[in-house]
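Counting from 1 along the sequence shown, just add 238 to a position and that's the residue number in this note's numbering. Yeah, the Cβ is synthetic: ideal placement off N, Cα and C, and Gly gets one too. All values reported here derive from a predicted model rather than from experimental measurement. Heads up: the structure comes next, in C-alpha coordinates.
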Amino acid sequence: MVPAAVFLLVFVLVPLGKFIADSFFEISPFAGGERTFVGFDNYVRAFASESFQNASIRTIAYTAIVVFCEFSFGLAVALLFAALGQRSSVFRTLFMYPLMIAPVVAGLLWRFLLIDNFGIVNELLVRLGVLSSSGQIPWLSDPDIALFAVAIPDIWLTTSFITLVLFAGLQNIPGDVIEAARLDGARYPRMLVSVILPLLRPVIAVALIVRGIDAARAFDIILIQTDGGPQESTTTLSLLVYRTMTRFGDPGLASAMGTVYLIAMLAVAIVAILTIWRPGSTAR
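What follows is the structure, encoded as C-alpha coordinates:
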(Lines of atoms letter the chains of each structure in order from A; the text may use other names.)
(Lines give C-alpha, C1' and ligand atoms only; values in the text may rest on other atoms or scores of the structure.)
Protein backbone atom coordinates (compact mmCIF):
# COMPACT_ATOMS: atom_id res chain seq x y z
CA MET A 239 0.00 0.00 0.00
CA VAL A 240 3.00 2.32 0.35
CA PRO A 241 3.27 3.25 -3.38
CA ALA A 242 -0.45 4.09 -3.51
CA ALA A 243 -0.19 6.12 -0.29
CA VAL A 244 2.81 8.05 -1.64
CA PHE A 245 0.99 8.70 -4.92
CA LEU A 246 -2.07 10.06 -3.08
CA LEU A 247 0.12 12.18 -0.81
CA VAL A 248 2.10 13.75 -3.67
CA PHE A 249 -0.61 14.18 -6.28
CA VAL A 250 -3.79 14.62 -4.18
CA LEU A 251 -3.24 15.64 -0.57
CA VAL A 252 -0.37 18.11 -1.09
CA PRO A 253 -2.07 19.99 -3.98
CA LEU A 254 -5.36 19.95 -2.06
CA GLY A 255 -3.69 21.37 1.04
CA LYS A 256 -2.01 24.11 -1.03
CA PHE A 257 -5.32 24.85 -2.74
CA ILE A 258 -7.10 25.35 0.60
CA ALA A 259 -4.20 27.41 1.97
CA ASP A 260 -4.33 29.70 -1.09
CA SER A 261 -7.92 30.59 -0.24
CA PHE A 262 -6.65 32.68 2.70
CA PHE A 263 -4.34 34.80 0.54
CA GLU A 264 -4.63 37.47 -2.10
CA ILE A 265 -2.33 36.12 -4.79
CA SER A 266 -0.88 37.85 -7.80
CA PRO A 267 -1.80 36.07 -11.04
CA PHE A 268 1.82 36.36 -12.21
CA ALA A 269 4.37 33.68 -11.36
CA GLY A 270 6.43 34.67 -8.35
CA GLY A 271 4.04 37.50 -7.49
CA GLU A 272 3.12 38.71 -4.03
CA ARG A 273 1.01 36.75 -1.57
CA THR A 274 -0.89 38.77 1.02
CA PHE A 275 -2.70 37.08 3.89
CA VAL A 276 -6.33 38.24 3.95
CA GLY A 277 -7.94 35.66 6.24
CA PHE A 278 -11.55 34.92 5.36
CA ASP A 279 -11.95 37.91 3.03
CA ASN A 280 -12.00 35.67 -0.04
CA TYR A 281 -14.82 33.61 1.47
CA VAL A 282 -16.78 36.76 2.24
CA ARG A 283 -16.31 37.93 -1.35
CA ALA A 284 -17.35 34.51 -2.66
CA PHE A 285 -20.60 34.37 -0.69
CA ALA A 286 -21.37 37.99 -1.54
CA SER A 287 -20.81 37.39 -5.24
CA GLU A 288 -24.01 37.16 -7.27
CA SER A 289 -22.18 35.03 -9.84
CA PHE A 290 -21.23 32.52 -7.13
CA GLN A 291 -24.79 32.37 -5.80
CA ASN A 292 -26.30 31.87 -9.26
CA ALA A 293 -23.67 29.30 -10.23
CA SER A 294 -24.40 27.37 -7.02
CA ILE A 295 -28.12 27.25 -7.83
CA ARG A 296 -27.41 26.15 -11.40
CA THR A 297 -25.02 23.47 -10.19
CA ILE A 298 -27.68 22.07 -7.85
CA ALA A 299 -30.29 22.16 -10.62
CA TYR A 300 -27.96 20.53 -13.15
CA THR A 301 -26.96 17.80 -10.69
CA ALA A 302 -30.59 17.12 -9.75
CA ILE A 303 -31.65 16.84 -13.40
CA VAL A 304 -28.78 14.54 -14.34
CA VAL A 305 -28.92 12.25 -11.30
CA PHE A 306 -32.73 11.95 -11.30
CA CYS A 307 -32.90 11.07 -15.00
CA GLU A 308 -29.94 8.69 -14.85
CA PHE A 309 -31.23 6.88 -11.78
CA SER A 310 -34.77 6.56 -13.16
CA PHE A 311 -33.63 5.28 -16.57
CA GLY A 312 -30.82 3.20 -15.09
CA LEU A 313 -33.06 1.45 -12.56
CA ALA A 314 -35.69 0.68 -15.21
CA VAL A 315 -33.12 -0.79 -17.59
CA ALA A 316 -31.36 -2.73 -14.81
CA LEU A 317 -34.66 -4.30 -13.76
CA LEU A 318 -35.36 -5.17 -17.39
CA PHE A 319 -31.94 -6.80 -17.79
CA ALA A 320 -32.41 -8.72 -14.54
CA ALA A 321 -35.79 -10.01 -15.73
CA LEU A 322 -34.31 -11.13 -19.08
CA GLY A 323 -31.39 -12.91 -17.41
CA GLN A 324 -28.78 -14.30 -19.80
CA ARG A 325 -30.86 -13.20 -22.79
CA SER A 326 -29.86 -9.62 -22.02
CA SER A 327 -26.10 -10.17 -22.44
CA VAL A 328 -25.95 -8.70 -25.96
CA PHE A 329 -28.15 -5.75 -25.01
CA ARG A 330 -26.02 -5.09 -21.91
CA THR A 331 -22.91 -4.91 -24.08
CA LEU A 332 -24.52 -2.50 -26.52
CA PHE A 333 -25.93 -0.38 -23.70
CA MET A 334 -22.46 0.08 -22.19
CA TYR A 335 -20.94 1.59 -25.36
CA PRO A 336 -21.49 5.27 -24.34
CA LEU A 337 -19.19 4.72 -21.34
CA MET A 338 -16.28 4.36 -23.78
CA ILE A 339 -16.83 7.82 -25.30
CA ALA A 340 -14.81 10.74 -23.93
CA PRO A 341 -16.92 13.59 -22.48
CA VAL A 342 -15.33 16.08 -24.90
CA VAL A 343 -16.35 13.93 -27.85
CA ALA A 344 -19.86 13.55 -26.44
CA GLY A 345 -20.10 17.31 -25.98
CA LEU A 346 -19.07 17.97 -29.57
CA LEU A 347 -21.45 15.29 -30.85
CA TRP A 348 -24.46 16.66 -29.01
CA ARG A 349 -23.54 20.22 -29.89
CA PHE A 350 -23.92 19.31 -33.56
CA LEU A 351 -27.11 17.38 -32.79
CA LEU A 352 -28.75 20.27 -30.92
CA ILE A 353 -27.26 23.31 -32.64
CA ASP A 354 -29.80 25.87 -33.85
CA ASN A 355 -31.24 25.94 -37.38
CA PHE A 356 -29.46 22.88 -38.77
CA GLY A 357 -29.19 20.51 -35.79
CA ILE A 358 -30.09 16.88 -36.51
CA VAL A 359 -32.53 16.65 -33.59
CA ASN A 360 -34.64 19.58 -34.75
CA GLU A 361 -34.46 18.37 -38.36
CA LEU A 362 -35.82 14.97 -37.32
CA LEU A 363 -38.60 16.63 -35.32
CA VAL A 364 -39.51 18.71 -38.38
CA ARG A 365 -39.71 15.62 -40.56
CA LEU A 366 -41.88 13.90 -37.97
CA GLY A 367 -44.22 16.89 -37.97
CA VAL A 368 -43.53 17.87 -34.36
CA LEU A 369 -41.89 21.19 -35.31
CA SER A 370 -42.69 23.58 -38.12
CA SER A 371 -39.10 24.78 -38.62
CA SER A 372 -35.64 23.56 -37.66
CA GLY A 373 -34.96 26.67 -35.59
CA GLN A 374 -38.15 26.51 -33.54
CA ILE A 375 -36.41 25.11 -30.44
CA PRO A 376 -33.06 26.86 -29.80
CA TRP A 377 -31.69 24.19 -27.49
CA LEU A 378 -28.33 25.79 -26.77
CA SER A 379 -29.16 29.48 -27.21
CA ASP A 380 -32.32 29.82 -25.09
CA PRO A 381 -31.38 30.61 -21.46
CA ASP A 382 -34.59 28.95 -20.25
CA ILE A 383 -33.76 25.48 -21.62
CA ALA A 384 -29.98 25.57 -22.17
CA LEU A 385 -29.20 24.00 -18.78
CA PHE A 386 -31.44 21.04 -19.55
CA ALA A 387 -29.99 20.77 -23.06
CA VAL A 388 -26.38 20.55 -21.84
CA ALA A 389 -27.47 17.86 -19.35
CA ILE A 390 -28.64 15.54 -22.15
CA PRO A 391 -25.12 14.39 -23.17
CA ASP A 392 -24.24 13.72 -19.52
CA ILE A 393 -27.40 11.63 -19.10
CA TRP A 394 -26.69 9.77 -22.35
CA LEU A 395 -23.09 9.10 -21.35
CA THR A 396 -23.45 7.79 -17.82
CA THR A 397 -26.89 6.21 -17.52
CA SER A 398 -24.98 3.05 -18.47
CA PHE A 399 -22.88 3.41 -15.31
CA ILE A 400 -25.95 3.58 -13.07
CA THR A 401 -27.44 0.61 -14.92
CA LEU A 402 -24.25 -1.42 -14.48
CA VAL A 403 -24.00 -0.70 -10.74
CA LEU A 404 -27.69 -1.39 -10.06
CA PHE A 405 -27.67 -4.54 -12.19
CA ALA A 406 -24.70 -5.86 -10.22
CA GLY A 407 -26.58 -5.11 -7.01
CA LEU A 408 -29.68 -6.93 -8.27
CA GLN A 409 -27.59 -10.03 -8.93
CA ASN A 410 -26.58 -10.12 -5.24
CA ILE A 411 -30.14 -10.07 -3.87
CA PRO A 412 -30.87 -13.54 -2.42
CA GLY A 413 -33.36 -15.42 -4.55
CA ASP A 414 -35.05 -16.97 -1.51
CA VAL A 415 -36.02 -13.47 -0.28
CA ILE A 416 -37.76 -12.71 -3.58
CA GLU A 417 -39.41 -16.12 -3.57
CA ALA A 418 -40.64 -15.65 0.02
CA ALA A 419 -42.19 -12.31 -0.96
CA ARG A 420 -43.95 -13.96 -3.89
CA LEU A 421 -45.30 -16.73 -1.67
CA ASP A 422 -46.64 -14.07 0.69
CA GLY A 423 -48.64 -12.68 -2.21
CA ALA A 424 -46.62 -9.51 -2.80
CA ARG A 425 -47.16 -8.00 -6.24
CA TYR A 426 -44.19 -6.64 -8.16
CA PRO A 427 -44.68 -2.91 -7.29
CA ARG A 428 -44.90 -3.79 -3.61
CA MET A 429 -41.92 -6.13 -3.91
CA LEU A 430 -39.89 -3.42 -5.61
CA VAL A 431 -40.60 -0.81 -2.93
CA SER A 432 -40.48 -3.05 0.16
CA VAL A 433 -37.90 -5.69 -0.77
CA ILE A 434 -35.69 -4.87 -3.75
CA LEU A 435 -34.97 -1.17 -3.14
CA PRO A 436 -34.25 -1.57 0.61
CA LEU A 437 -31.77 -4.36 -0.16
CA LEU A 438 -30.17 -2.13 -2.79
CA ARG A 439 -29.58 0.75 -0.35
CA PRO A 440 -25.76 0.44 -0.21
CA VAL A 441 -25.54 0.09 -4.00
CA ILE A 442 -27.91 3.02 -4.56
CA ALA A 443 -25.92 5.15 -2.11
CA VAL A 444 -22.66 4.43 -3.94
CA ALA A 445 -24.22 5.10 -7.36
CA LEU A 446 -25.87 8.36 -6.30
CA ILE A 447 -22.82 9.68 -4.45
CA VAL A 448 -20.40 8.89 -7.28
CA ARG A 449 -22.68 10.24 -9.99
CA GLY A 450 -23.85 13.20 -7.91
CA ILE A 451 -20.29 14.40 -7.25
CA ASP A 452 -19.28 13.71 -10.85
CA ALA A 453 -22.30 15.60 -12.23
CA ALA A 454 -21.77 18.51 -9.83
CA ARG A 455 -18.24 19.02 -11.15
CA ALA A 456 -19.29 18.84 -14.82
CA PHE A 457 -16.96 20.99 -16.85
CA ASP A 458 -15.84 19.75 -20.24
CA ILE A 459 -19.28 18.80 -21.56
CA ILE A 460 -20.70 22.24 -20.74
CA LEU A 461 -17.58 24.10 -21.87
CA ILE A 462 -17.65 22.43 -25.29
CA GLN A 463 -21.37 23.02 -25.87
CA THR A 464 -22.04 26.53 -24.58
CA ASP A 465 -18.95 27.81 -22.72
CA GLY A 466 -21.28 28.73 -19.88
CA GLY A 467 -23.69 30.75 -22.00
CA PRO A 468 -26.08 32.04 -23.10
CA GLN A 469 -26.22 34.81 -20.50
CA GLU A 470 -24.35 32.52 -18.06
CA SER A 471 -27.39 30.24 -17.91
CA THR A 472 -25.13 27.15 -17.97
CA THR A 473 -22.25 28.50 -15.86
CA THR A 474 -21.80 26.00 -13.04
CA LEU A 475 -19.39 26.25 -10.13
CA SER A 476 -16.66 24.35 -11.97
CA LEU A 477 -16.77 26.82 -14.84
CA LEU A 478 -16.93 29.80 -12.48
CA VAL A 479 -13.87 28.63 -10.50
CA TYR A 480 -11.99 28.06 -13.77
CA ARG A 481 -12.87 31.51 -15.09
CA THR A 482 -12.05 33.21 -11.81
CA MET A 483 -8.63 31.55 -11.82
CA THR A 484 -7.68 31.98 -15.48
CA ARG A 485 -9.77 34.72 -17.03
CA PHE A 486 -10.12 37.09 -14.07
CA GLY A 487 -6.72 36.27 -12.59
CA ASP A 488 -7.81 35.85 -8.94
CA PRO A 489 -6.37 32.56 -7.60
CA GLY A 490 -7.24 33.37 -4.00
CA LEU A 491 -10.94 33.91 -4.70
CA ALA A 492 -11.02 30.86 -6.98
CA SER A 493 -9.46 28.76 -4.20
CA ALA A 494 -12.06 29.99 -1.71
CA MET A 495 -14.89 29.11 -4.11
CA GLY A 496 -13.36 25.69 -4.72
CA THR A 497 -12.95 25.04 -1.01
CA VAL A 498 -16.59 25.88 -0.32
CA TYR A 499 -17.48 23.62 -3.24
CA LEU A 500 -15.40 20.78 -1.73
CA ILE A 501 -16.98 21.12 1.72
CA ALA A 502 -20.47 21.13 0.18
CA MET A 503 -19.72 17.93 -1.74
CA LEU A 504 -18.43 16.22 1.41
CA ALA A 505 -21.56 17.26 3.32
CA VAL A 506 -23.84 15.94 0.58
CA ALA A 507 -21.94 12.63 0.50
CA ILE A 508 -22.23 12.21 4.29
CA VAL A 509 -25.95 12.99 4.25
CA ALA A 510 -26.49 10.53 1.38
CA ILE A 511 -24.67 7.77 3.27
CA LEU A 512 -26.65 8.35 6.46
CA THR A 513 -30.07 8.66 4.79
CA ILE A 514 -29.84 6.16 1.91
CA TRP A 515 -27.28 3.60 2.97
CA ARG A 516 -28.04 3.84 6.73
CA PRO A 517 -24.95 1.95 7.92
CA GLY A 518 -25.73 -0.51 10.68
CA SER A 519 -29.46 -0.54 9.99
CA THR A 520 -31.45 -3.53 8.87
CA ALA A 521 -33.68 -3.20 5.81
CA ARG A 522 -37.30 -4.01 6.54
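Handout entry: Short Cβ contact (8 Å threshold) for GLY466 with ILE459
Key = For the purposes of this step, residue 466 is taken as residue 228 along the sequence shown, with counting starting at 1. For the purposes of this step, residue 459 is taken as residue 221 along the sequence shown, with counting starting at 1. For GLY466 and ILE459, no; Cβs fall outside 8 Å.
Handout entry: Cα-Cα separation, ILE390 to ILE434
Key = For the purposes of this step, residue 390 is taken as residue 152 along the sequence shown, with counting starting at 1. For the purposes of this step, residue 434 is taken as residue 196 along the sequence shown, with counting starting at 1. Rounded to whole angstroms, ILE390 to ILE434 spans 28 Å at the Cα level.
Exercise for the section: Within the same chain, show all residues whose beta-carbon is closer than 7 Å to that of GLU308, passing over the 5 residues directly before and after it, in chain order. Expected result: As a position in the sequence shown, residue 308 is number 70, starting the count at 1. ILE393, THR396, THR397, ILE400 and ARG449, listed in sequence order.
Practice task
Can you give me the start and stop residues for the beta strand (DSSP E) that ARG273 sits inside?
Solution key: Working through the sequence shown from its first residue, we reach residue 273 at position 35. Note, ARG273: beta strand (DSSP E), 273–275.
Exercise for the section: Tell me, please, whether the stretch 481–501 touches the stretch 282–289 by the rule of three or more beta-carbon pairs shorter than 8 Å. Expected result: yes
Problem - Sufficient close CB pairs (3 or more, under 8 Å) joining the stretch 293–300 to the stretch 472–486 - result: yes
Problem - Same chain, Cβ closer than 7 Å to SER371, neighbours up to 5 away in sequence not counted - result: Reading the sequence shown from its first residue, position 133 is the one you call residue 371. Excluding sequence neighbours, SER371 sits near VAL364.
Handout entry: Residues of its chain near ILE447, where Cβ-Cβ distance is below 6 Å and the 5 sequence neighbours each way are ignored
Key = To locate residue 447, count along the sequence shown from 1; it is residue 209. Same-chain partners within the cutoff: ALA507 and ALA510.
Handout entry: Contacts around LEU351, its chain only, beta-carbon distance under 8 Å, and the 5 residues preceding and following it disregarded
Key = Position 113 of the sequence shown, counted from the start, is the residue given in the question as residue 351. Here the set comprises GLY357, ILE358 and VAL359.
Problem - Which residues DSSP lists as bridging ILE551, in chain order - result: No information on residue 551 is available, as it lies outside the stretch 239 to 522 that the chain covers here.
Problem - Exposure label - VAL479; buried when at least 16 CB within 10 Å - result: Within the sequence shown, numbered from 1, the residue matching residue 479 stands at position 241. VAL479 is buried by the Cβ-count criterion.
Practice task
Could you tell me the boundaries of the alpha helix (DSSP H) in which PHE333 lies?
Solution key: Looking up residue 333 in the sequence shown gives position 95. Where PHE333 is concerned, the enclosing alpha helix (DSSP H) stretches over 327–333.
Practice task
Would you identify the three-state DSSP class for ARG296, choosing helix, strand or coil?
Solution key: Position 58 of the sequence shown, counted from the first residue, corresponds to residue 296. Note: ARG296 maps to helix in three-state DSSP.
Handout entry: Euclidean distance between Cα positions of PHE311 and VAL252
Key = Position 73 of the sequence shown holds residue 311. Position 14 of the sequence shown holds residue 252. Roughly 39 Å separates the two Cα atoms.
Practice task
Give the C-beta separation of GLN469 and PRO381 to the nearest angstrom, bearing in mind that I take them to be a contact with Cβ-Cβ under 8 Å.
Solution key: Position 231 of the sequence shown, counted from the first residue, corresponds to residue 469. Position 143 of the sequence shown, counted from the first residue, corresponds to residue 381. Yes, GLN469 and PRO381 are in contact; Cβ-Cβ is about 5 Å, under 8 Å.
Exercise for the section: With distances taken Cα to Cα, identify the nearest neighbour of GLY487 among MET503, ARG273, ALA418 and SER266. Expected result: Taking the sequence shown and counting its residues from 1, the one referred to as residue 487 is at position 249. Nearest option by C-alpha distance: SER266.
Exercise for the section: Taking the CB atoms as reference points, tell me whether ALA344 and VAL403 lie closer together than 8 Å. Expected result: Here residue 344 is taken as the residue at index 106 of the sequence shown, counted from 1. Here residue 403 is taken as the residue at index 165 of the sequence shown, counted from 1. No, they are not a contact pair.
Problem - Other residues of its chain near SER261: CB distance less than 6 Å, five sequence neighbours each side excluded - result: Counted from its first residue, the sequence shown places residue 261 at position 23. ASN280, SER493, ALA494 and THR497, listed in sequence order.
Exercise for the section: Decide if PHE268 is buried, meaning its Cβ has at least 16 other Cβ atoms within 10 Å, or exposed. Expected result: Translated into positions along the sequence shown, residue 268 becomes position 30. Burial call: exposed.
Handout entry: Contacting residues, own chain, Cβ-Cβ under 7 Å from PHE290 (five flanking each side not counted)
Key = To locate residue 290, count along the sequence shown from 1; it is residue 52. If we look at PHE290 and ignore the five residues flanking it on each side, its Cβ neighbours are ALA284, LEU478 and MET495.
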